[in-house]
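Listed in order, the protein sequences are those of chains E and W. The opening residue of the first sequence carries number 1 in full-length UniProt numbering; numbering runs sequentially from there. The opening residue of the second sequence carries number 1 in full-length UniProt numbering; numbering runs sequentially from there. Note that the Cβ used here is the ideal one computed from N, Cα and C, for glycine as well. Here is the structure we will look at.
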Amino acid sequence: MADSGETGGPVKKDGIQQAKTEGKELTKEEKQRLRKEKKQQKKSKEKKDEKASQESEKEKKPVSSASPASQPPTQPITPKAPSAVPTLVPVPASETPAPADKPAKSKAEMKAERRARQEAERASKQGKKGEVGQQAAPGKPKAPPSELQPVVKRLPEHVQVDNPEVLKKLAKKLERQQTPEYNAATKVKIPLRSDYGYKVSLFSHLHQYSRKAPLTQQLSIPSTVIHPAIVRLGLQYSQGIVAGSNARSVALLHAFKQVIRDYTTPPNEELSRDLVNKLKPYISFLNQCRPLSASMGNAIKYIKKEISNIPSQCKEEEAKSKLLNCIDRYIDEKINLAAKAIAKSSIEKISDGDVILVYGCSSLVNHILCEAFEKNRKFRVIVVDSRPRLEGREALRRLVQRGISCTYVLISAVSYILPEVSKVFLGAHALLANGYVMSRVGTSQIALVAKAFNVPVLVCCETYKFCERVQTDSFVSNELDDPDDLIVTRKGKTQLEHWQEVPSLGLLNLVYDVTPPDFVDLVITDLGMIPCTSVPVVLRVKNVDQ
Amino acid sequence: INKKFFFFFLVEYFRAQMMKDPDMASAVAAIRTLLEFLKRDKGETILGLRESLTWATDCLTGVDSSVAVSSGGELFLRFISLTSLEHQDLSRCKKVMEERGELFLEKISMSRTKVAKLCHTFIKDGAKILTHSYSRVVLRVMEKAAAEKKRFSVYVTESQPDSAGRQMAEALRKLNVPVTVVLDAAVGYVLEKVDLVIVGAEGVVESGGIINKIGTYQMALCSKAHNKPFYVVAESFKFVRLYPLNQQDVPDKFKYKADTLKTVQNLSEEHPMIDYTPPSLITLLFTDLGVLTPSAVSDELIKLYL
Chain E
1 MADSGETGGP VKKDGIQQAK TEGKELTKEE KQRLRKEKKQ QKKSKEKKDE
51 KASQESEKEK KPVSSASPAS QPPTQPITPK APSAVPTLVP VPASETPAPA
101 DKPAKSKAEM KAERRARQEA ERASKQGKKG EVGQQAAPGK PKAPPSELQP
151 VVKRLPEHVQ VDNPEVLKKL AKKLERQQTP EYNAATKVKI PLRSDYGYKV
201 SLFSHLHQYS RKAPLTQQLS IPSTVIHPAI VRLGLQYSQG IVAGSNARSV
251 ALLHAFKQVI RDYTTPPNEE LSRDLVNKLK PYISFLNQCR PLSASMGNAI
301 KYIKKEISNI PSQCKEEEAK SKLLNCIDRY IDEKINLAAK AIAKSSIEKI
351 SDGDVILVYG CSSLVNHILC EAFEKNRKFR VIVVDSRPRL EGREALRRLV
401 QRGISCTYVL ISAVSYILPE VSKVFLGAHA LLANGYVMSR VGTSQIALVA
451 KAFNVPVLVC CETYKFCERV QTDSFVSNEL DDPDDLIVTR KGKTQLEHWQ
501 EVPSLGLLNL VYDVTPPDFV DLVITDLGMI PCTSVPVVLR VKNVDQ
Chain W
1 INKKFFFFFL VEYFRAQMMK DPDMASAVAA IRTLLEFLKR DKGETILGLR
51 ESLTWATDCL TGVDSSVAVS SGGELFLRFI SLTSLEHQDL SRCKKVMEER
101 GELFLEKISM SRTKVAKLCH TFIKDGAKIL THSYSRVVLR VMEKAAAEKK
151 RFSVYVTESQ PDSAGRQMAE ALRKLNVPVT VVLDAAVGYV LEKVDLVIVG
201 AEGVVESGGI INKIGTYQMA LCSKAHNKPF YVVAESFKFV RLYPLNQQDV
251 PDKFKYKADT LKTVQNLSEE HPMIDYTPPS LITLLFTDLG VLTPSAVSDE
301 LIKLYL
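Okay, structure coming up:
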């Protein structure tokens with residue numbers, strides 16, 4: 001009974017969903033239909049209802065989602081349709097006077113269904129939008145929120161790792177992301193990377209991968225879906241060979257250039273649409289190797305925009321060379337020239353006799369210090385480093401090679417050396433819309449201690465790293481690195497070697513943290529020197545420009 | 001030869017303006033001078049015109065080294081060039097720029113009135129106000145408040161080394177406002193009695209902080225410790241593209257009087273005339289662009305300068 005009610009549903013649900021997205025009020029007809037379905041579900045037994053409806057949803061999903069693989073335009077409607085029902089159903093449920101426990105039960109089952117559908121919707125949407133990673137609360141609630149209906153909030157997959165349904169949806173999505181091959185035998189799926197080791201409960205919603213099991217080992221040969229340049233890039237990311245947000249973005253853009261060069265438009269397809277679809281599995285693959293950074297996200301958005309703006313009458317060669325030029329220009333403007341502009345502004349802030357503290361290895365900060373040294377400013381540098389990455393050693397090497405006098409300490413000694421310091425220069429991974437600075441773990445600690453000693457903290461960041469996200473703590477969205485990195489061998493003894501066998505022991509290797517704007521005195525960007533609270537102004541100005 | 005003549009002309013005109021109307025801000029006098037200079041300039045190109053205006057501003061900064069003069073000059077230049085200068089004829093372009101210049105001057109002469117209108121509502125009946133040194137904007141605010149029949153009393157710091165505070169006290173007595181002159185060192189002592197602190201500013205910097213007569217930073221720190229609101233009143237032409245990180249970071253050319261800079265060899269023995277108050281100590285800024293929080297200043301600056 002429930003089945004029959006729902007199989008009749010899809011077409012009508014389209015109509016309802018469309019009405020909802022247009023924000024119009026439901027017609028009487030549609031409301032009646034919903035009430036009917038609701039009653040039918042109430043009539044059947046509770047548990048059978050749940051199972052039956054959930055199974056029928058899941059059946060419907062692969063059916064409805066397999067078909068849109070070849071019809072991208074219809075894709076938005078069918079996955080949305082199943083979600084329309086559970087969001088709408090609670091409205092009549094509360095309207096109709098029903099016995100107290102029955103609406104409660106059906107609300108619970110509705111919630112479970114709704115969750116599952118949300119996941120499917122989002123999973124397919126993620127592929128479409130290409131926003132892999134950083135959008136925590138993508139803003140547009142599709143349904144006009146009535147006071148009885150909660151606004152549908154979608155969390156990205158990468159912060160719902162402890163939810164098994166989400167993982168199932170992701171696996172399905174990765175399976176689906178294949179370019180349509182004529183020979184079915186060569187269809188290859190993008191493997192789903194599995195988590196490694198015990199995760200600390202506060203961070204169990206994030207992925208934790210092991211470096212010893214790179215994703216590339218799970219790829220079968222020949223991997224016709226993924227371009228070799230991308231496979232190489234993914235391996236470089238997951239092994240940490242390419243690290244640092246600028247380096248990663250530049251490597252990504254170069255790999256995409258290679259992809260574009262080797263691309264040929266299949267017959268009956270438009271370059272502007274097909275190339276974007278081609279890039280989606282690559283982006284999912286890279287995301288599995290190592291979660292994308294904010295700068296990479298912005299670069300990908302830019303490329304997708306450029307590709308979709310290619311006019312359809314443009315010849316393939318011309319279009320490709322145009323795209324390659326765009327990418328080159330992006331790298332030039334946003335990274336190289338921005339570094340020059342930032343160096344110029346920062347040199348004004350470095351005076352003779354300064355003692356500058358830097359943390360870790362930021363390519364931009366190193367560039368600034370080298371430029372200032374060339375302009376004959378007299379200063380010395382204190383490099384602060386931390387385990388397990390020990391990136392400060394790389395920074396130390398680069399600075400000493402130029403002839404700058406440096407001191408090297410570990411982060412535990414930072415309150416000891418801070419009385420000597422006159423300024424702190426920090427790099428950033430991303431600047432969030434509420435003024436928070438996301439950077440390597442340990443940065444917020446340094447900013448905090450510097451504030452306590454009244455030492456000015458300057459953050460250097462290019463504008464392409466500004467992102468629209470808002471975050472106030474480091475828990476919600478972060479990256480967990482390989483926990484085995486924390487194991488250290490001293491005097492032949494490795495204490496933590498068998499950490500997995502101790503049930504109450506967890507190793508936590510965080511990668512990023514956020515620093516509040518009260519601790520940052522100045523942000524130097526290619527647009528000039530701004531206070532940390534003016535980041536939304538820059539984002540606004542940038543959006544107006546585009 | 002040309003430059004020398006213009007230099008003397010600038011200086012004389014500027015001084016004459018200052019003497020004619022002692023109530024006028026030095027930046028306004030500077031802008032009047034620049035406008036006159038523009039009218040008389042015989043440049044052939046727009047770029048040349050701009051360069052000579054920049055040079056003129058530098059000359060004036062040499063006479064009166066306050067922050068406002070340099071910021072006013074720069075804003076003037078930006079305002080007049082903000083229009084389309086696509087005309088073929090240079091004289092037409094110049095005419096357009098002169099008209100814009102007059103418009104700018106008109107706008108800023110109204111700015112003090114606008115500020116006073118915004119600020120006087122924050123002075124409640126029976127309030128006790130603390131202020132620092134002699135500021136014409138603060139005076140105008142108090143005039144407005146007195147005109148609104150509010151009863152308030154004022155504590156003014158003496159503000160050494162030039163005792164400008166006494167001048168302020170005289171002006172306030174003429175308005176029949178009860179005023180007491182206190183020592184600079186007595187700010188902490190008197191703060192428990194006052195309800196709010198209002199100061200003027202010589203310059204408002206990008207971070208939202210202010211540059212003002214020496215002693216302002218101390219007053220701001222004490223009022224923060226006592227949890228008293230610290231208000232700043234400033235016209236918009238005082239917004240300047242500086243970003244000091246601390247007291248040391250303020251350029252020397254603003255810290256000392258122009259004559260001191262020219263004559264004295266070792267500046268470290270001279271006492272600075274201004275200090276920098278960071279934005280974390282300021283509650284609100286009253287400007288002719290509206291009532292702003294310190295973080296909104298950067299927003300306004302971006303709008304003004306970009």
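Report all residues from its chain with a CB closer than 6 Å to the CB of residue i; omit the five preceding and five following residues, and keep chain order.
i                : result
Tyr428 (chain E) : Checking the sequence shown, residue 428 (chain E) turns out to be Ala, not Tyr. Result list for Ala428 (chain E): Val437, Ser439, Val459 and Cys461, in chain order.
Leu75 (chain W)  : Phe237
Glu468 (chain E) : Ala433
Ile282 (chain W) : Phe230, Val232 and Pro294
Phe286 (chain W) : Val115, Leu118, Cys119 and Val233
His226 (chain W) : Leu191
Whole angstroms are fine: how far does the CA of residue j sit from the CA of residue i?
i                     : j                : result
Leu191 (chain W)      : Leu245 (chain W) : 27 Å
Ser133 (chain W)      : Gly297 (chain E) : 53 Å
Glu317 (chain E)      : Leu253 (chain E) : 19 Å
Lys173 (chain E)      : Leu167 (chain E) : 10 Å
Phe239 (chain W)      : Gly73 (chain W)  : 11 Å
Tyr359 (chain E)      : Arg387 (chain E) : 12 Å
Asn336 (chain E)      : Ile530 (chain E) : 20 Å
Thr87 (chain E)       : Asn277 (chain E) : Caution is warranted here: a pLDDT of 42 is assigned to Thr87 (chain E), below 50, making its placement in the model unreliable, and the coordinate value is therefore given only provisionally. When rounded, the distance between both Cα atoms is 30 Å.
Pro164 (chain E)      : Glu157 (chain E) : 11 Å
Arg329 (chain E)      : Arg290 (chain E) : 26 Å
residue 321 (chain W) : Arg540 (chain E) : Missing from the structure shown is residue 321 (chain W); chain W here goes from 1 to 306 and no further.
Gly203 (chain W)      : Thr57 (chain W)  : 16 Å
Glu44 (chain W)       : Ser70 (chain W)  : 25 Å
Met110 (chain W)      : Val182 (chain W) : 32 Å
Lys301 (chain E)      : Cys326 (chain E) : 13 Å
Ala299 (chain E)      : Tyr464 (chain E) : 8 Å
Gln118 (chain E)      : Leu155 (chain E) : 9 Å
Thinking C-beta only, is residue j closer than 8 Å to residue i?
i                     : j                : result
Ser204 (chain E)      : Asp162 (chain E) : yes
residue 584 (chain E) : Leu233 (chain E) : Coverage of chain E is limited to positions 1 through 546, which leaves residue 584 (chain E) absent and any answer about it impossible.
Ser249 (chain E)      : Pro214 (chain E) : no
Asn478 (chain E)      : Leu448 (chain E) : no
Leu38 (chain W)       : Leu60 (chain W)  : no
Val141 (chain W)      : Cys119 (chain W) : yes
Leu235 (chain E)      : Thr264 (chain E) : no
Ser405 (chain E)      : Arg377 (chain E) : no
Gln500 (chain E)      : Tyr198 (chain E) : yes
Glu391 (chain E)      : Cys361 (chain E) : yes
Leaving aside the five residues before and after residue i along the sequence, list all residues of the same chain whose C-beta is less than 7 Å from its C-beta, in chain order.
i                : result
Phe254 (chain W) : Ser65, Val67, Ile211 and Ile274
Val132 (chain E) : For Val132 (chain E), the predicted structure reports a pLDDT of 39, less than 50, and the residue's modelled location is therefore unreliable. A value from the coordinates is still provided. Gln126, Ile283, Ser284, Asn287 and Leu292.
Lys174 (chain W) : none
Ser351 (chain E) : none
Ala319 (chain E) : Leu271 and Ile310
When DSSP builds the beta bridges, which residues end up paired with residue i?
i                : result
Gln208 (chain E) : E:Leu480
Lys431 (chain E) : Before going further, note that residue 431 (chain E) is Leu rather than Lys in the sequence given. Partner(s): E:Val437 and E:Phe466.
Gly200 (chain W) : W:Val233
Cys460 (chain E) : E:Gly427 and E:Ile524
Phe285 (chain E) : Phe285 (chain E) is not bridged to any residue.
Cys406 (chain E) : E:Val381
Ile129 (chain W) : W:Val154 and W:Leu196
Val96 (chain W)  : BP columns for Val96 (chain W) are empty, so no partner.
Asn266 (chain W) : DSSP lists no partner for Asn266 (chain W).
Phe37 (chain W)  : Beta-bridge pairing links Phe37 (chain W) to no other residue.
Phe239 (chain W) : W:Val204
Asn212 (chain W) : W:Asp275
Within 7 Å: the Cβ of residue i and any heavy atom of the ligand SAM?
i                : result
Ile335 (chain E) : In the structure on display, the ligand SAM does not appear, and there are no ligands present to speak of.
Can you find the residues in the same chain that come closer than 8 Å, C-beta to C-beta, to residue i, ignoring five residues on each side of it along the sequence?
i                : result
Thr471 (chain E) : For clarity, residue 471 (chain E) is Gln in the given sequence; the question names Thr instead. So the list reads Ala136, Leu432, Asn434, Tyr436, Met438, Ser477 and Val514, once near-sequence residues are dropped.
Ala343 (chain E) : His367, Ile368, Glu371 and Ala372
Task: At least 3 beta-carbon pairs within less than 8 Å: the region 200-211 of chain W vs the region 156-170 of chain W - done: Not touching, per the Cβ criterion.
Open item on the list: With a threshold of 8 Å, are at least 3 pairs of Cβ atoms found where one atom belongs to the region 5-17 of chain W and the other to the region 25-44 of chain W?
Closed with: Under the three-pair Cβ rule at 8 Å, the region 5-17 of chain W counts as touching the region 25-44 of chain W.
Task: Inter-stretch contact at 8 Å, needing at least 3 Cβ pairs: the region 419-426 of chain E / the region 347-367 of chain E - done: Counting Cβ pairs under 8 Å, three or more are found: they touch.
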